[in-house]
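Quick notes on the structure that follows.
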């Protein structure tokens, strides 16, 4: 590898390097200890240790080339090499291309400048195709070289970054280098002759956390396949941990959770992943989550500055965050002030002429924001003006329409105006009023104490709006949060939910979208719409709004439209309960965008088949219980109680367990604080009931205590009529129990647990996601093994090892090729056995690794025929049950079972004589090896075989995977057929014809090659072949005495090795067309079996026991290496 020229003092390096070649201008040196017998003794061990520990050029390669000039003591390192072949190639290039040119220069300085320029040019040329795009390309190239040399991973494996650290082996720290790549965590250490090499794939990681104890002040703990690994002594441990967290979660999502994995170019192509890219992505995700912006926004710039707060008359210090369409600000001085400015709202941007470096941004509504002490503020103003120009052009038609059509004062009316054109067509179907206003309009003439309190709340918010602004660009402060905790007024709830959730931005940038989706989705019929229809009447059935067709129709439209928008989620139970509450307080289109915000941003992965998001947050909740309520953890013998109790809390935001008038206050806090509000409230509820829970003897008693508590949660300030309230009637009946006001409960949760940070929740979510998905994968594996173990003789632990190898081979295809042509990504909705399937190419690799017949010269053909035999439904994929059934016969099958398998491999559908002959005729020189393209092609060929009506019907009835409605009856029918499938009778096997028998004989010869009894086996198979041919000839004469037997007489000869070789060559030379003209002969399986049973050598060969454990262990160690060779 060429290196950027760097000055080297040769005098200090003589003890570490040995001279191998030299001339007037260059020196080739070898590292002491390398290439010497015994490793160079103590010196070699010390040098090896230094190379492993020290961060220098020397640590990378044992060879280097230096540039020198006559009479100069200064040397320049220009190249290094991992082996002699590489460094010799560089040396030869220098001699052939550089040496002759150097003689024309007059001065040594010109020679050095020329050499340095030439080397830099070579590096620049290499860099065009290099992965080294980090901050220090030179060091990264060196690390990349060592990474490739040490671990031998495929060249497609992308190194992201590397760190110096210690790996704890027991109680001994080993200093070395940690390499983080797209699919693996790798560690290498060489200390005084002791080498440690560790490779862990990210998809095997079940736990990743930062820990500290007496010995390790701060370390990173990683758990993989039940083994714990500890890394410490990082220079920047937080940065390292975040990158590891990102890479592990990226791998988990890509491989296991494709259901929620969007087609993100950055993540879909592993070669695009860089350290800087991951860091930028993390910052963008944090930025979008904090300000509740659309997922598409990317954080572009961050500037420290001051923002003038007009109602407080002071500047607050914080950070200005800029994306494509938004300018946001968050304070950092404890004032909890934040602002979101959409560029679509900006009217003008100016800079001041004084020394304050200020930027003034004017928006609609006669509001201006002044940012001061902004670095590079002049350039920033230019960028803003350019962006706002583009934004105003984009929204010109919308703004004009709003100005002409409406004289609006409230932001909700403004949003409605944006989509007026598209809504005109659907105005008869889409509700433009919140259901609460329709069914419970406020009567100002009959004001009671609750209505007066409600009006006081409204007045408090109006005062806040007067000071902080109203709409998307209002100032959000601690005072805003306090008002939310008290409960948002009924009339403002829809508007503020839209504002705090960020749904207001989605709706503003997609005018008319909802009306279009409603129109397109009306009348559609699929599994989601059927489930929606079933649940419509179960959504708040006690509320008058959902006892009428108005509310039911609105709920149907919103849920159906969302299922149409996001078919990956479609419809999930609990969405109906949440949506019905949204429709009470928000207009129909607003309710749709609120649902989008909840499902796609605020509660990611909650509403899918496996509710992974809810399970992750349950695990986070359990972790918080352990931290904040340790006495409860000690009392509860099983933490799963909290999971079973809290699932409905998270999925429905407490709506399903609290009275509606109290639950809406929880939803208020959720839209303002996100999942943090739900976690805090959950802790407060457990804390409030701590004594009761500690007194409970079992889970049922604890569940009863919590349910009784929820029944007595009230909202004393709720203005809803008593007919709608769910808690009032219950409270009257159970007056012996003390009621709890929801406002007090929420306030208490903020006071006690408000110190829980968003960053901590995000980190816990990432860590627990690994655990949750690995647990689900473990459940899948156990179910698969339970089904398969009933049909094979392999032991459970052997099946477990095989399953790991099987799945790993599938993942290798996803590691370095995101769009594999045949393979389907993991779909958890499929039955367990069909979630992971391999194609013919992967089966060939596994066949080479695991099959006891893999030493055969025609092993590729055997692998292909075996795959075709197993692929009964001809979808070019086989599952683990099919795979293990073949391996089980090879390992544990009886003589008859193994022979039957070989027999079936040489008849259709496994064996295709015409295709096999075509390949041989095209390129006879390449032997029996098949290319990847040929393998995939042959695996997809279909055999036209006579099939009875029943078989054809069973093929037609196989349920289609993952599309539309799941046909339960078809699956049950298929399962019943498999359950009662009778054992195959050897008499049912078709006869083997002349060409097939010829190939069958050749396969047996290949299998016997290299066996200790090779000669005896050859002799035995020759005897069997001759006997069978004689029997067939006699049989044919008896049936047709007139017909001539010339075609076969030449093949029948005395038993012996040479005669059989002649037989084989005669069969090979026969042309397929001539075989049709001559009388055909064939053999039944019973004939072949009976003949082979007469030869003890053949019986011993097939009944020889196989060491399954050794075979599997060898496959595990060789699997990655075999992929590298490919």
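In my numbering, the protein residues as written are 439 to 1564. Glycine included, each C-beta is placed from N, C-alpha and C at the ideal position. In this text, all values refer to a predicted model and were calculated from it rather than measured experimentally.
Straight-line gap, residue i to residue j (C-alpha atoms, nearest Å)
i: residue 858; j: residue 999; result: With a pLDDT of only 44 at residue 858, under 50, the local geometry of the prediction cannot be trusted, and the value read off the model is given with reservation. Those two C-alpha atoms are separated by around 18 angstroms.
i: residue 1443; j: residue 1549; result: 23 angstroms
i: residue 777; j: residue 1128; result: 39 angstroms
i: residue 684; j: residue 718; result: 12 angstroms
i: residue 1279; j: residue 972; result: 45 angstroms
i: residue 1095; j: residue 1178; result: 14 angstroms
i: residue 1123; j: residue 1327; result: 58 angstroms
i: residue 826; j: residue 771; result: 29 angstroms
i: residue 933; j: residue 941; result: 10 angstroms
i: residue 1453; j: residue 670; result: 60 angstroms
i: residue 724; j: residue 1240; result: 41 angstroms
i: residue 1231; j: residue 1055; result: 41 angstroms
i: residue 716; j: residue 804; result: 40 angstroms
i: residue 781; j: residue 760; result: 10 angstroms
i: residue 1303; j: residue 1521; result: 20 angstroms
i: residue 1551; j: residue 1291; result: 17 angstroms
i: residue 1197; j: residue 687; result: 16 angstroms
i: residue 897; j: residue 911; result: 20 angstroms
i: residue 1458; j: residue 1536; result: 7 angstroms
i: residue 1025; j: residue 711; result: 42 angstroms
i: residue 790; j: residue 903; result: 28 angstroms
i: residue 1294; j: residue 1446; result: 8 angstroms
i: residue 603; j: residue 595; result: 22 angstroms
i: residue 534; j: residue 506; result: 17 angstroms
i: residue 611; j: residue 605; result: 6 angstroms
i: residue 1085; j: residue 764; result: 35 angstroms
i: residue 975; j: residue 987; result: 10 angstroms
Neighbourhood of residue i by C-beta, 7 angstroms cutoff - its chain only, sequence neighbours within 5 removed
i: residue 785; result: 800, 801, 802
i: residue 1110; result: 919, 922, 938
i: residue 1209; result: 644, 645, 1057
i: residue 1051; result: 1041, 1042, 1043, 1044
i: residue 1003; result: 955
Residue i: first and last residue of the uninterrupted beta strand (DSSP E) it sits in
i: residue 605; result: 597-607
i: residue 446; result: 440-446
i: residue 467; result: 464-469
i: residue 1048; result: Segment: none, residue 1048 is in no beta strand (DSSP E) and carries neither H nor E.
Where the alpha helix (DSSP H) containing residue i begins and where it ends
i: residue 755; result: Where residue 755 is concerned, there is no enclosing alpha helix (DSSP H), although the beta strand (DSSP E) it sits in stretches over 752-760.
i: residue 506; result: Premise fails: residue 506 is in no alpha helix (DSSP H) and is neither H nor E.
i: residue 1306; result: 1297-1308
i: residue 1206; result: 1196-1226
i: residue 932; result: 931-939
i: residue 1570; result: Any property of residue 1570 remains undetermined from this structure, which presents the chain solely from 439 to 1564.
Nonlocal neighbours in the same chain, by C-beta distance under 6 angstroms from residue i, ignoring five residues either side
i: residue 1118; result: 1187, 1191
i: residue 1101; result: 1092, 1093
i: residue 1008; result: 966, 1001
i: residue 916; result: 774
i: residue 501; result: 468, 519, 525
i: residue 1029; result: 996, 1020, 1021
i: residue 624; result: 589, 617, 637
Own chain, CB closer than 8 angstroms to residue i, minus 5 neighbours either side, in chain order
i: residue 1514; result: Since pLDDT at residue 1514 reaches only 45, below the 50 mark, its modelled position is unreliable, and no value is offered.
i: residue 970; result: 994, 997, 998, 1001, 1009, 1014
i: residue 1336; result: 1327, 1328, 1540
In chain order, which continuous runs of the alpha helix (DSSP H) of length 4 or greater are located wholly inside the region 946-1007? 951-959, 965-973, 987-1003
Which full runs of the alpha helix (DSSP H) of 4+ residues lie inside the region 1069-1143, going along the chain? As far as the region 1069-1143 is concerned, its whole alpha helix (DSSP H) runs of at least 4 residues are 1078-1090, 1098-1111, 1113-1126, 1128-1133.
Jot down the residue ranges of each uninterrupted beta strand (DSSP E) in the region 1007-1041, minimum 3 residues, whole runs only, in chain order. Segments of the beta strand (DSSP E) lying fully in the region 1007-1041: there are none.
Completely contained alpha helix (DSSP H) runs for the region 756-833, where each covers 4 or more residues: 815-832
Tell me, please, whether the region 1265-1282 touches the region 1241-1255 by the rule of three or more beta-carbon pairs shorter than 8 angstroms. yes
Beta strand (DSSP E) runs wholly inside the region 598-682, at least 3 long, in chain order: Listed in chain order, the beta strand (DSSP E) elements of length 3 or more contained wholly in the region 598-682 are 610-619, 622-629, 632-639, 643-649, 657-662, 665-670.
Are there three or more Cβ pairs, one per stretch, closer than 8 angstroms when the region 1311-1318 is compared with the region 1459-1469? no
Across the region 1210-1229 and the region 1524-1536, are there enough close Cβ pairs to call them in contact, namely three or more that are closer than 8 angstroms? no
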